[in-house]
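Have a look at the structure below, then the notes.
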Amino acid sequence: MQTLQLPSGREIPLLGQGTWRMGEKASQKRAEINALRLGIDLGMTLIDTAEMYGEGGAEQIVAEAISGRRQEVFLVSKVYPFNASYQGIIKACDRSLSRLKTDYLDLYLLHWRGSIPLSETLKGLQHLKQVGKILDYGVSNFDTDDIEEAESLPGGKEIAANQVLYNLMRRGIEWDLLPWCKQRSIPIMAYSPVEQRAFVNDSKLKGIAVKHNATSTQIALSWLLHQDNVISIPKATNPKHVKENRSTLDIKLTEADILAIDHAFKPPSRKMSLAMR
Ligand code: NAP
Numbered sequence: 139m140q141t142l143q144l145p146s147g148r149e150i151p152l153l154g155q156g157t158w159r160m161g162e163k164a165s166q167k168r169a170e171i172n173a174l175r176l177g178i179d180l181g182m183t184l185i186d187t188a189e190m191y192g193e194g195g196a197e198q199i200v201a202e203a204i205s206g207r208r209q210e211v212f213l214v215s216k217v218y219p220f221n222a223s224y225q226g227i228i229k230a231c232d233r234s235l236s237r238l239k240t241d242y243l244d245l246y247l248l249h250w251r252g253s254i255p256l257s258e259t260l261k262g263l264q265h266l267k268q269v270g271k272i273l274d275y276g277v278s279n280f281d282t283d284d285i286e287e288a289e290s291l292p293g294g295k296e297i298a299a300n301q302v303l304y305n306l307m308r309r310g311i312e313w314d315l316l317p318w319c320k321q322r323s324i325p326i327m328a329y330s331p332v333e334q335r336a337f338v339n340d341s342k343l344k345g346i347a348v349k350h351n352a353t354s355t356q357i358a359l360s361w362l363l364h365q366d367n368v369i370s371i372p373k374a375t376n377p378k379h380v381k382e383n384r385s386t387l388d389i390k391l392t393e394a395d396i397l398a399i400d401h402a403f404k405p406p407s408r409k410m411s412l413a414m415r
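This note's numbering numbers the first residue of the sequence shown as 139 and each following residue consecutively.
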């Protein structure tokens, strides 16, 4: 699996697996565990979860999926903003670690900005890093002004990633956030990279898809994988989707493909505020 380097020097896989909506229905449990295991077998060892997903249920699914193979996995979880006070984040992290049945996270993110001062959250994150419960920390849903502010605070220079909504239909970050992060080698983690199935019947990608013997969704994901400094974390429970997402890494888009895609899905021509789910 190709990787990007975090500012700390640690490597993060380019393509991983999301877990939103997992751990919500008992009837789906086996399929979700199997999908994550299949993804790991195929090299998609980055797993993105959050205390929010299924109110801890997704972390429990992940625990079962990675049981016996923690060392193979790059594990990411996120803290609710209302748990991100100094003491609150330490406790929330312990709860996540216990649900995930592990003693460390590779990356811990503030899920979105709330009302607790960032300086306090950063203090908590620094503590967690010092005691080895997390190896890196970062943010999510931070627009340029937010991450600039966070970066200027004590501990802010260690921000290792920003997880945001980014895909062909949501290109706003290319105006300023993506270049800002790239300049500092802070990877962008693109969430909802396949826009929750919105590309499945996309006629604008069909021609390129046929040429590459792929689906329109794969072309949309492939386009993201061709972007510099961007990690993608599609969520898939269907094993066919897991395999398709993995094989997207083998698609090599041509310059003509990229031009046609830019024509169909225009890059931003002005600052747009960050889109979120
Ligand atoms: P997504 O990955 O864009 O889309 C997931 C949906 O697409 C699922 O219904 C899945 O179906 C389907 N799918 C996946 N691969 C496919 C393929 N190759 N062909 C056709 N359909 C495919 O959306 P997401 O779950 O919103 O985002 C991904 C992850 O990002 C989340 O799971 C979560 O970990 C993270 N996230 C973070 C935030 C944040 O605020 N930080 C917000 C949203 C998401 P099946 O499940 O049936 O296979």
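Ideal placement from N, C-alpha and C gives every residue a C-beta, glycine not left out.
As the structure is a prediction and not an experimental result, all values here were calculated from the model.
The beta-carbon distance between T187 and E197, rounded to whole angstroms, is 5 Å. This is short enough to meet the 8 Å contact definition. At least one heavy atom of the ligand NAP lies closer than 8 Å to the C-beta of Q356. Your pair Y242 and L263 does not check out as a contact, with CB atoms roughly 14 Å apart and the cut at 8 Å. One alpha carbon belongs to L412, the other to W313, and they sit about 10 Å apart.
Distances taken from the Cβ of H350 to the heavy atoms of the ligand NAP include none shorter than 8 Å. Short of 6 Å from the beta carbon of N172, and not among the five residues preceding or following it, lies no beta carbon of its own chain.
Annotation for K373: Q155, G156, T157, W158, R159 and M160 place their beta carbon closer than 8 Å to its own, counting only its chain and skipping 5 residues before and after.
Per DSSP, the unbroken beta strand (DSSP E) holding Q301 starts and ends at I297 to L303. If one requires a minimum length of 4 residues, the alpha helix (DSSP H) runs lying completely within the stretch 160-218 are 167-179 and 195-203, in chain order. Taking E393 as the centre and dropping the five residues before and after it, the same chain places no C-beta closer than 8 Å to its C-beta. I285 is a Cβ neighbour of I324, given a cutoff of 9 Å. By the Cβ-count criterion, M414 is exposed, with fewer than 16 other Cβ atoms from all chains shown falling within 10 Å of its own Cβ. Put simply, of T240, S341, D244 and L174 the residue whose alpha carbon is nearest the alpha carbon of E149 is D244. Per DSSP, E333 is not a residue of any beta strand (DSSP E), being assigned neither H nor E.
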